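**Q** Encoded as structure tokens, here's the structure I'll be asking about.
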Amino acid sequence: MIDIKILRENPQHFIDGATAKNIDVAIPLLLEIDEQKRSLTRQREEHRAEQKRISKEIGPQIGKLKGQLKSASEEDTKALETKLAELEAKPSSLKAEIQSLDERIATLEPQWNDLLLHIPQPPDEDVPKGESADDNVQIRTWAPDGYDVSKSFAENKGFNPRPHLDLVNALGLADFERGVKMAGTRHYMMTGNGMRLHQAMLRFAFDFITNTYDFTPMSVPVILREECMVGTGFFPTGRDQAYHIQESQRGSGHDLFLAGTGEVGLMGMYADEIIDADKLPIKMATVSTCFRREAGAAGRDTAGLYRIHQFDKVEQVIICKAKEEESRKWHTEMLSIVEQLLQQLQLPYRLLQCCTADLGAKNADMIDIECWMPGRGELRKDGQPMGDWGETHSASRLYDFQCRRLNMRYRDEEGNTVFAHSLNNTVLASPRILIPLLEMHQQEDGSIAIPECLHPYMNGMTVLQAEQLQDA
RNA sequence: GGACAGGUGGCCGAGCGGCUGAAGGCACCGGUUUGCUAAACCGGCGUACUGGUUAUACCGGUACCGCGGGUUCGAAUCCCGCCCUGUCCGCCA
């Protein structure tokens, strides 16, 4: 959430920001409603102050009269009752006015709130302007020694690559038919060595971030209240991307939502809290199952492990002091962790600076990491895929946008409460990461060479052999 | 799922219609005393919004005692709904 005070002072900054992000928001309407609401609130406060004053003044008198009434004679009773009625009538017109103001404010408040929640965080000055993801800017690339991404896979390795779906099927690593049978399109099961590899990747990544680096290991709820989704900025804009558990329709309780990322649980954890400043920065990592409806993606990436409704992800989150240099420093740090991880996995990757149009509503800045997937991309004349980059990681820098929504603060040196800054980045999401892993490490005989860093997690297995093909 | 008990400031905890933004204690900050530490004593110490002014300094107003609504001239206090926590029973990975 943005700071409405800054919006009042400089609406153009936010209008420009929304425009750059290609997001349509009614900022003038919000300002108008805001002004009305403020003016009504001011009136209400004045009336309330008056009401309190009167109450304090007549209260003791009423008490006294009521006391007298108890032991009063018949003729006195009448006089006392008249007096009482007079006193009690005094604030009644005020009361009516306050009630009417209450009602008017109550109708404005939901609109005000909804509009405010929709205002995107303006992109940072140094984020390149762009119209779509096509305008993202490559920052750098890396590839293992001896592999040149600008050349075809065959030129690099001396044989044509098989796309991951073929490899998965040949090696019996996943079962799509039965996944679909049970749960519908975009569902799957990891099977046998596929599941071993999937778990090995997750465990390797989790150990890397929590042991090699000092991120605190966490488990998180993945079924969460709406407040967590709104607080982390996934709602209201992305509401249709989340599975919705309508518990309220069963008569009691509240609805729940399935998280699309562990970030929701890691950030929601500190909602409404004032964190000790000396605990910052808080660095946490979790491995959790993620659920995405992929609404609006019908027909895209329908085959294979790329775009699925359920997957597992190791996620890193940092909550730090509200200083731009700090935010930027940690952003760089989070990216370098992932680069080291991918280098150990011997996977070619590139860093992409997302342009304004590709940031999403909540980010001031976002850098994606894409891995080289030889089986993707257009087909060449000889029927071989050209290979393409595919997004595997996304590193967001949000300033206080999330913490403001979550009401997550710390106390600074002067004793003021300050909204913290937050950042998050993928460490590793599987099975999507298995696509580059399988495709890059496939060998001519159809086997897969397992990168060394995974050997301990594969019970010493170094190669996935085709003849190990398993069928249930 | 059933039956009780309860949700008050950073924490513990009193209040149960007006004198309560809220006793008391702990923690924290400043000071006095002290060879140092500790102790003792004195003082300070919530958040948000809003007005006086342009400012995190000062003064005023409003709201906040789980959340929402109601009763009342007036609600932390009474009533209703919801959420959450604890204990016991039932069920169960």
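When we follow my numbering, the leftmost residue of the first sequence carries the number 865, and every step to the right adds one.
Idealized CB from N, CA, C, for every residue including glycine.
All figures in this text were calculated on a predicted structure; none of them were measured in a lab.
Thinking just about the alpha-carbon of each residue, which of Pro1081, Leu1061, Asp1136, Ile1087 is nearest to the one in Gly1095?
**A** Gly1095 has its Cα closest to that of Asp1136, out of Pro1081, Leu1061, Asp1136, Ile1087.
**Q** Is any heavy atom of the ligand NAP found at a distance shorter than 7 angstroms from the C-beta of Thr1220?
**A** Among the components modelled here there is no ligand, and therefore nothing to report on the ligand NAP.
**Q** Identify which residue in Arg1240, Val1178, Asp978, Pro1300 has its Cα closest to the Cα of Leu1209.
**A** Of Arg1240, Val1178, Asp978, Pro1300, the residue nearest in Cα terms is Pro1300.
**Q** Enumerated in chain order, which unbroken segments of the beta strand (DSSP E) with a length of 3 residues or greater are wholly contained in the region 952–1037?
**A** Correct list: 1001–1006.
**Q** Between the region 1261–1273 and the region 1238–1246, can you find at least three pairs of beta-carbon atoms closer than 8 angstroms?
**A** Touching, no, given that fewer than three Cβ pairs across the two stretches are closer than 8 angstroms.
**Q** Just mark Met1230 as buried or exposed, buried being the case when its beta carbon has 16 or more other beta carbons within 10 Å.
**A** Its Cβ being crowded by 16 or more others within 10 Å, Met1230 is buried.
**Q** Within 10 angstroms of its Cβ, does Ser919 collect 16 or more other Cβ (buried), or is it exposed?
**A** Ser919 is exposed by the Cβ-count criterion.
**Q** Assuming His1173 and His1051 make a contact with CB atoms under 8 angstroms, what is their CB distance in whole Å?
**A** Indeed they touch by this definition, with Cβ atoms about 6 angstroms apart.
**Q** Quick one: residues in its chain with C-beta nearer than 6 angstroms to the C-beta of Gly820, no 5 flanking neighbours on either side, listed in chain order?
**A** Given a span of 865 to 1336 for the chain in the structure shown, any question on residue 820 remains unanswerable.
**Q** When you compare only the Cα positions, how much space is there between Glu1083 and Gln1180?
**A** As written in the sequence, residue 1083 is Ser, which differs from the Glu given in the question. In a straight line, the C-alpha of Ser1083 is about 12 angstroms away from that of Gln1180.
**Q** Using the C-alpha atoms, what's the distance from Ile1109 back to Asp1119?
**A** Approximately 6 angstroms between the Cα atoms of the pair.
**Q** Is the CB-CB distance between Pro987 and Gly881 below 8 angstroms?
**A** For Pro987 and Gly881, yes; Cβs fall inside 8 angstroms.
**Q** Taking C-beta to C-beta, are Pro875 and Leu904 nearer than 8 angstroms?
**A** It is not a contact, given that the beta carbons lie outside the stated cut-off.
**Q** Can you tell me which of Gln1329, Met1322, Pro1320, Glu1303 puts its alpha carbon nearest to the alpha carbon of Asp1309?
**A** Among Gln1329, Met1322, Pro1320, Glu1303, the Cα nearest to that of Asp1309 is on Gln1329.
**Q** Can you name, in chain order, every residue of its own chain whose Cβ lies under 7 angstroms from the Cβ of Ser1191, other than the five neighbours on each side?
**A** Result list for Ser1191: Cys1184, Arg1261, Tyr1263, His1285, Leu1287, in chain order.
**Q** Return helix, strand or coil for His911, following the three-state DSSP convention.
**A** In this structure, His911 counts as helix in the three-state DSSP scheme.
**Q** When DSSP builds the beta bridges, which residues end up paired with Met1148?
**A** Answer by DSSP bridge pairing, in chain order: Thr1080, Val1181.
**Q** Rounded to whole angstroms, what is the Cα-Cα separation between Ala1018 and Tyr1134?
**A** The straight-line gap from Cα to Cα measures roughly 50 angstroms.
**Q** Exposed or buried, which one is Val1128 when buried takes at least 16 other CB atoms within 10 Å?
**A** Flag for Val1128 reads buried.
**Q** Taking the alpha-carbon positions, what's the Asn1033 to Ala1221 distance?
**A** Answer to the nearest angstrom: the Cα atoms are 37 angstroms apart.
**Q** Helix or strand or just coil, what does DSSP make of Tyr1321?
**A** In this structure, Tyr1321 counts as helix in the three-state DSSP scheme.
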